[in-house]
Amino acid sequence: MQNWNKYYKIACCGAIANVLLQLIVSLVVDPYLAAAFTPLYPVWIILLVVGWRREHPRR
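Residue 10 in this note's numbering is what sits at position 10 of the sequence shown, and the numbering runs on without skipping anything.
So, in C-alpha cells, the structure goes:
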C-alpha cells in the first residue's frame, strides 16, 4: 500500500476531528454552538484538492 500524501492525512484527520467535536459539542453543550464548526469543512476539502494536485500535477 502506498503512503498517503501528508495533505490527505491532515484533511482526513481534521474532518474526523471536526465531526467528532461537532457531535460532542451538540450533545453536551448546545446544538447552536456546534454550528460554529461547520465553516471548517471547506478547509478540509481544499486540503484534499491541494493534495490531489500535488500527487497528480499537470503535464
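By construction, the Cβ of each residue, glycine as well, lies at the ideal position given by its N, Cα and C atoms. Given the structure is predicted, the values throughout are model-derived calculations rather than measurements.
Exercise for review: Label LEU47 either buried or exposed according to how many other C-beta atoms from any shown protein chain fall within 10 Å of its C-beta, with 16 as the threshold for buried.
Suggested key: buried
Check your understanding: Of the residues ARG58, HIS56, PHE37, which one's Cα is nearest the Cα of PRO14?
Key -> According to the sequence displayed, residue 14 carries Gly and not Pro. That would be PHE37, whose Cα lies nearest to the Cα of GLY14.
Review point. Under the rule that 16 or more other beta-carbon atoms within 10 Å means buried, what is TRP52, buried or exposed?
Key: Flag for TRP52 reads exposed.
Exercise for review: Taking 7 angstroms as the cut-off, decide whether the C-beta atoms of LEU33 and VAL25 are in contact.
Suggested key: Cβ distance < 7 angstroms, so LEU33 and VAL25 count as in contact.
Review point. To the nearest angstrom, how far is it from the Cα of ALA17 to the Cα of LEU23?
Key: Cα-Cα distance, rounded: 10 angstroms.
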